[in-house]
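A.B. asks:
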Amino acid sequence: METTRQIYLDYQATTPCDPRVLEKMIPFFKEDFGNPHSRNHSYGWKAEEAVETARAQIARVLKADPREIIFTSGATEANNLALKGAAYFYRDQKTHLITTLTEHKCVLDTCRYLEQNGFQITYLPVLSNGLIDLEVLERAFTPQTGLVSIMAVNNEVGVIQPLSEIGALCRLKGALFHTDAAQAVGKIPLDVNAMNIDLLSLSGHKIYGPKGVGALYVRRKPRVRLEALIHGGGQERGFRSGTLPTPLCVGLGEACFIAEQEREGETERLNELRNRFLEKIHSSLADVYLNGDLEKRIPGNLNLSFAYVEGEGLMMGIKNLALSSGSACTSESLEPSYVLRALGVTEDLAHTSLRIGFGRFTTQAEMDEAAESIIKAVTRLREMSPLWEMAQMGVDIKSVTWAGH
Amino acid sequence: MSYSKQLIDHYENPRNVGSLDPKDMNVGTGLVGAPACGDVMKLQIRVTDDGVIADAKFKTFGCGSAIASSSYVTELLCGMTLTEATSIKNNAIAQHLALPPVKIHCSVLAEDAIKAAIQDYQNKQVESQR
Numbered sequence: 001m002e003t004t005r006q007i008y009l010d011y012q013a014t015t016p017c018d019p020r021v022l023e024k025m026i027p028f029f030k031e032d033f034g035n036p037h038s039r040n041h042s043y044g045w046k047a048e049e050a051v052e053t054a055r056a057q058i059a060r061v062l063k064a065d066p067r068e069i070i071f072t073s074g075a076t077e078a079n080n081l082a083l084k085g086a087a088y089f090y091r092d093q094k095t096h097l098i099t100t101l102t103e104h105k106c107v108l109d110t111c112r113y114l115e116q117n118g119f120q121i122t123y124l125p126v127l128s129n130g131l132i133d134l135e136v137l138e139r140a141f142t143p144q145t146g147l148v149s150i151m152a153v154n155n156e157v158g159v160i161q162p163l164s165e166i167g168a169l170c171r172l173k174g175a176l177f178h179t180d181a182a183q184a185v186g187k188i189p190l191d192v193n194a195m196n197i198d199l200l201s202l203s204g205h206k207i208y209g210p211k212g213v214g215a216l217y218v219r220r221k222p223r224v225r226l227e228a229l230i231h232g233g234g235q236e237r238g239f240r241s242g243t244l245p246t247p248l249c250v251g252l253g254e255a256c257f258i259a260e261q262e263r264e265g266e267t268e269r270l271n272e273l274r275n276r277f278l279e280k281i282h283s284s285l286a287d288v289y290l291n292g293d294l295e296k297r298i299p300g301n302l303n304l305s306f307a308y309v310e311g312e313g314l315m316m317g318i319k320n321l322a323l324s325s326g327s328a329c330t331s332e333s334l335e336p337s338y339v340l341r342a343l344g345v346t347e348d349l350a351h352t353s354l355r356i357g358f359g360r361f362t363t364q365a366e367m368d369e370a371a372e373s374i375i376k377a378v379t380r381l382r383e384m385s386p387l388w389e390m391a392q393m394g395v396d397i398k399s400v401t402w403a404g405h
Numbered sequence: 001m002s003y004s005k006q007l008i009d010h011y012e013n014p015r016n017v018g019s020l021d022p023k024d025m026n027v028g029t030g031l032v033g034a035p036a037c038g039d040v041m042k043l044q045i046r047v048t049d050d051g052v053i054a055d056a057k058f059k060t061f062g063c064g065s066a067i068a069s070s071s072y073v074t075e076l077l078c079g080m081t082l083t084e085a086t087s088i089k090n091n092a093i094a095q096h097l098a099l100p101p102v103k104i105h106c107s108v109l110a111e112d113a114i115k116a117a118i119q120d121y122q123n124k125q126v127e128s129q130r
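Going down the list, the sequences are from chains C and Y.
Using the working numbering, you'd call the opening residue of the first sequence number 1 and step up by one each time.
Using the working numbering, you'd call the opening residue of the second sequence number 1 and step up by one each time.
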């Protein structure tokens with residue numbers, strides 16, 4: 001087992017719960033344990049008040065009305081509810097949905113499910129910088145298009161899609177616009193009205209809140225209707241039955257509040273960390289490629305391909321760092337990241353990628369140590385890489401006939 | 001994924017990393033795998049005139065299991081006759097390093113690399129006799 005604590009650089013996978021968030025949550029596990037749906041006593045009222053405060057905090061980040069916020073168990077459920085809920089409610093009028101190849105698995109898998117149930121789905125390609133081509137989106141609309149689902153910020157490469165332009169196009173074409181904003185809250189400004197967003201998913205644990213809670217924004221004017229997935233006591237305006245987990249709701253609200261309050265300062269700080277890190281890497285290592293656009297990107301994400309060094313082999317050499325690789329070998333599937341492939345990253349380079357995710361609690365000393373460790377490991381592994389040797393001798397590895405296996 | 005001590009040792013202290021002159025008549029080179037698949041092994045052997053492997057070197061692009069498999073193989077090969085080398089099976093490699101099931105292909109690749117290196121050496125001998 002690990003004897004020393006690893007440096008955490010996997011902020012797109014999850015984030016630590018902010019102590020300020022946890023502190024707000026604790027009373028609702030203890031003395032204020034009431035059921036927010038109990039109408040007959042103070043325990044219930046207190047819990048209800050806390051939940052409604054949280055709902056308002058979430059709404060404020062999105063510039064929405066609190067009545068438009070539905071609590072869910074996380075972004076996966078919010079995405080399922082948005083996609084299946086809208087698809088089924090409007091299925092008599094519209095049966096076509098548009099999404100992208102780089103969405104999170106929970107959107108793609110939900111789309112596959114809808115396809116099996118009679119809906120048509122268009123999976124938009126992305127440009128090599130990870131962004132969609134608005135003209136391609138425009139051409140994908142049909143009179144049957146009821147919903148467009150495009151993520152705000154990609155979880156692997158951190159790129160920010162042009163939400164306002166997509167929203168305007170959807171409004172023009174008469175389709176609903178859903179965005180998975182799990183990675184976006186607290187990182188980019190969001191405004192559901194200015195951006196014409198009809199449905200928006202978010203998650204607690206990606207924004208320094210607790211795991212097990214998320215929310216779906218559902219527009220009231222003009223009213224967006226959804227078929228519920230979970231039936232029961234009719235909580236959350238019938239969209240999502242089940243007793244609300246008061247402490248988690250409170251945590252999500254507080255997490256949203258802090259994330260938005262600190263967004264600008266944090267963006268600046270993380271940009272500095274990122275630039276310093278990139279400078280260190282590039283000054284010591286050749287043939288390192290950034291996957292995804294650098295400018296249209298959240299500051300706490302880097303996805304780098306270290307050519308000629310396989311990702312998992314590299315991860316074994318940087319045991320002091322906790323991060324993810326786009327390489328096949330880290331997953332059971334042995335397939336490299338579908339997101340990187342959608343960006344047109346060749347398979348050999350996809351195998352050499354690391355996702356470096358940093359955030360609120362990452363220090364400059366940690367980033368410096370990470371850069372040093374990576375440089376050391378890449379240098380060592382290149383010395384034992386036949387591909388590096390070939391490249392140094394001027395052999396183009398693409399010109400070699402490889403026996404696939 | 002948790003790895004065995006032997007595997008980690010070979011990853012951290014790989015034996016016989018390097019290259020032999022591929023044009024040398026006594027050197028056989030095997031290059032197997034593909035960058036797109038995430039592993040490429042280059043294995044080279046130097047064979048004495050009486051058919052014994054005097055030296056083995058490797059370079060590997062791949063995960064820790066692939067690096068360890070090729071490192072272990074070079075250790076095995078030194079001092080073996082070509083006949084003995086041909087009989088090395090991937091199971092033996094996988095067992096020694098306690099490869100997890102999803103990494104068995106790394107040992108298969110190492111076995112392929114041995115065969116390819118021996119083949120290359122033998123081709124050279126046949127050609128030189130012509």
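Think of the CB as a built atom: it goes at the ideal place given N, C-alpha and C, for glycine as much as any other residue.
1. Identify whether D10(C) lies in helix, strand or coil by the three-state DSSP scheme.
2. Compute every distance between the C-beta of P22(Y) and the non-hydrogen atoms of the ligand PLP, then say whether any falls below 7 Å.
3. What does a CB cutoff of less than 6 Å around S71(Y) pick up in its chain, not counting 5 residues either side in sequence?
4. Leaving aside the five residues before and after E75(Y) along the sequence, list all residues of the same chain whose C-beta is less than 6 Å from its C-beta, in chain order.
5. Determine, using beta-carbon pairs with one atom in the stretch 385 to 404 of chain C and one in the stretch 30 to 49 of chain Y, whether at least three such pairs fall under 8 Å.
6. Apply the 10 Å Cβ neighbour rule to Q95(Y) and answer buried if 16 or more other Cβ atoms are within range, or exposed otherwise.
7. Can you find a CB in chain Y that lies within less than 8 Å of the CB of S353(C)?
8. Using 8 Å as the Cβ pair cut-off and three pairs as the minimum, do the stretch 268 to 282 of chain C and the stretch 36 to 51 of chain C touch?
9. Counting beta carbon pairs with one atom in the stretch 72 to 84 of chain C and one in the stretch 193 to 206 of chain C, are three or more of them shorter than 8 Å?
10. Which residues, in order along the stretch 258 to 286 of chain C, keep a beta-carbon less than 9 Å from a beta-carbon of chain Y?
11. Ignore the nearest five residues each way along the sequence and tell me which others in V136(C)'s own chain have a CB closer than 8 Å to its CB.
12. Would you call the stretch 303 to 321 of chain C in contact with the stretch 254 to 273 of chain C, where contact means no fewer than 3 C-beta pairs closer than 8 Å?
13. Taking I70(C) and V309(C) to be in contact with their CB atoms under 8 Å, please state how far apart those CB atoms are, rounded to whole angstroms.
14. Which two residues bound the contiguous alpha helix (DSSP H) that contains T379(C)?
15. Give the single residue among V192(C), L285(C), G186(C) and F141(C) whose Cα lies nearest to the Cα of S164(C).
16. From what residue to what residue does the beta strand (DSSP E) around Q392(C) run?
17. Which value, in whole angstroms, describes the spacing of the CA atoms of R55(C) and K30(C)?
18. Is there a Cβ from chain Y that is less than 8 Å from the Cβ of Y8(C)?
19. Please return the same chain residues whose Cβ sits closer than 8 Å to the Cβ of T99(C), not counting the five positions on each side in sequence.
20. Taking only three categories from DSSP, how would you classify H10(Y)?
21. Apart from the five residues just before and just after R5(C), which ones in its own chain have a Cβ nearer than 8 Å to its Cβ?
22. So, at 6 Å on beta carbons, what are the nonlocal neighbours of K407(C) in its own chain, with the 5 sequence-adjacent residues on each side left out?
23. Please list the residues of the stretch 10 to 28 of chain Y that have a C-beta atom closer than 9 Å to any C-beta atom in chain C, keeping them in chain order.
24. Got a sec, what are the start and stop residues for the beta strand (DSSP E) L97(C) sits in?
25. Tell me the residue span of the beta strand (DSSP E) that contains A36(Y).
26. So S353(C) and G292(C) are supposed to be a Cβ contact under 8 Å. How far apart are they, rounded?
27. Roughly how many angstroms lie between the CA atoms of I188(C) and S373(C), to the nearest whole one?
28. Helix, strand or coil for V148(C)? Go by DSSP, reduced to three states.
29. If you drop the 5 nearest sequence neighbours on each side, which residues of the same chain put their C-beta closer than 6 Å to that of Q6(Y)?
30. Considering Cα atoms alone, identify which of E260(C), A255(C) and K296(C) is closest to P247(C).
31. With a threshold of 8 Å on Cβ separation, who are the neighbours of T330(C) within its own chain once the five nearest residues in sequence on each side are excluded?
32. Counting along the chain, where does the alpha helix (DSSP H) carrying Q95(Y) start and finish?
33. Using a cut-off of 9 Å between C-beta atoms, extract the partners of K59(Y) located in chain C.
34. So which residues on chain C does D39(Y) lean against when the C-beta distance must stay under 7 Å?
35. Check each residue of the stretch 80 to 105 of chain Y: if its Cβ is closer than 9 Å to any Cβ of chain C, include it; give the result in chain order.
36. Would you please verify whether the beta carbon of A34(Y) is less than 8 Å from any beta carbon of chain C?
C.D. replies: With the structure as the only source:
1. As a first step, residue 10(C) is located in the first sequence; it is residue number 10 there, counting from the start. DSSP places D10(C) in strand when its eight states are reduced to three.
2. By its list of ligands, the structure shown contains no ligand whatsoever, and the ligand PLP lies outside what it can speak to.
3. By one-based count along the second sequence, residue 71(Y) stands at place 71. The answer, listed in chain order, is H10, P14 and R15.
4. Position 75 of the second sequence, counting from 1, holds the residue named residue 75(Y). Same-chain partners within the cutoff: R15.
5. At 8 Å Cβ cutoff, the stretches touch.
6. Position 95 of the second sequence holds residue 95(Y). By the neighbour-count rule (16 or more Cβ atoms within 10 Å), Q95(Y) is not buried but exposed.
7. Locating residue 353(C) in the first sequence gives position 353, counting from the first residue. Chain Y contact via Cβ: absent.
8. No, the stretch 268 to 282 of chain C is not in contact with the stretch 36 to 51 of chain C.
9. Under the three-pair Cβ rule at 8 Å, the stretch 193 to 206 of chain C counts as touching the stretch 72 to 84 of chain C.
10. Taking 9 Å as the Cβ-Cβ cut-off against chain Y, none of the residues of the stretch 258 to 286 of chain C qualify.
11. By 1-based counting over the first sequence, the position of residue 136(C) is 136. Answer for V136(C): L124 and P125, listed in chain order.
12. No: the two stretches stay apart, fewer than three of their Cβ pairs being nearer than 8 Å.
13. The residue given as residue 70(C) occupies position 70 in the first sequence. The residue given as residue 309(C) occupies position 309 in the first sequence. The distance from the Cβ of I70(C) to that of V309(C) is about 45 Å, inconsistent with a contact at the 8 Å cut-off.
14. Translated into the one-based positions of the first sequence, residue 379(C) becomes position 379. T379(C) -> alpha helix (DSSP H) spans Q364 to E383.
15. One-based indexing of the first sequence puts residue 164(C) at position 164. That would be V192(C), whose Cα lies nearest to the Cα of S164(C).
16. Here the question's residue 392(C) lines up with position 392 in the first sequence. Per DSSP, Q392(C) belongs to no beta strand (DSSP E); it is in the alpha helix (DSSP H), P386 to Q392.
17. As a position in the first sequence, residue 55(C) is number 55, starting the count at 1. As a position in the first sequence, residue 30(C) is number 30, starting the count at 1. Taking the straight line joining both Cα atoms gives about 21 Å.
18. In the first sequence, counting from the first residue as 1, residue 8(C) sits at position 8. At a cut-off of 8 Å between beta carbons, Y8(C) makes no contact with chain Y.
19. The sequence position of residue 99(C) within the first sequence is 99, counting from 1. The residues are V107, L108, C111, I121, T122, Y123, L124, V148, S149 and I150.
20. Residue mapping note: residue 10(Y) aligns to position 10 of the second sequence, counting from 1. Looking at H10(Y) - three-state DSSP - the assignment turns out to be helix.
21. By one-based count along the first sequence, residue 5(C) stands at place 5. The beta carbon of R5(C) is closer than 8 Å to none in its chain, skipping five residues each way along the sequence.
22. This structure does not reach residue 407(C), given that chain C is present from 1 up to 405, and the question cannot be answered.
23. Residues are counted here when their Cβ sits less than 9 Å from a Cβ of chain C; for the stretch 10 to 28 of chain Y these are Y11, E12, P14, V17, G18 and S19, given in chain order.
24. One-based indexing of the first sequence puts residue 97(C) at position 97. Counting along the chain, the beta strand (DSSP E) containing L97(C) begins and ends at H96 to T100.
25. What you label residue 36(Y) is simply residue 36 of the second sequence in a count that begins at 1. Careful: A36(Y) lies outside any beta strand (DSSP E) and carries neither H nor E.
26. Against the first sequence, residue 353(C) aligns to sequence position 353. Against the first sequence, residue 292(C) aligns to sequence position 292. That pair is no contact at about 10 Å.
27. The count along the first sequence starts at 1 and reaches residue 188(C) at position 188. The count along the first sequence starts at 1 and reaches residue 373(C) at position 373. It is roughly 30 Å from the alpha-carbon of I188(C) to the alpha-carbon of S373(C).
28. Within the first sequence, the letter at position 148 stands for residue 148(C). The three-state secondary structure of V148(C), taken from DSSP, is strand.
29. Stepping through the second sequence from its first residue, residue 6(Y) is reached at position 6. Same-chain partners within the cutoff: L97.
30. The residue you call residue 247(C) lines up with position 247 of the first sequence. Considering only E260(C), A255(C) and K296(C), the residue with the shortest C-alpha distance to P247(C) is A255(C).
31. As a first step, residue 330(C) must be located in the first sequence, where it is residue number 330. Residue confidence is low: T330(C) scores 48 on pLDDT, short of 50, so the model does not pin down where it sits. Its coordinate-derived value is still stated next. So the qualifying residues of the chain are G311, E312, M315 and S324.
32. For this step, residue 95(Y) is matched to residue 95 along the second sequence. Segment N90 to L97, the alpha helix (DSSP H) holding Q95(Y).
33. On the second sequence, position 59 is the one that residue 59(Y) refers to. Chain C residues near K59(Y): E383, M384, S385, P386, L387, W388 and E389.
34. Numbered from 1 along the second sequence, position 39 holds the residue referred to as residue 39(Y). Result: E310.
35. Listed in sequence order: V102, K103 and H105.
36. As a working note, residue 34(Y) is residue 34 in the second sequence. True, the Cβ-Cβ gap to chain C drops below 8 Å.
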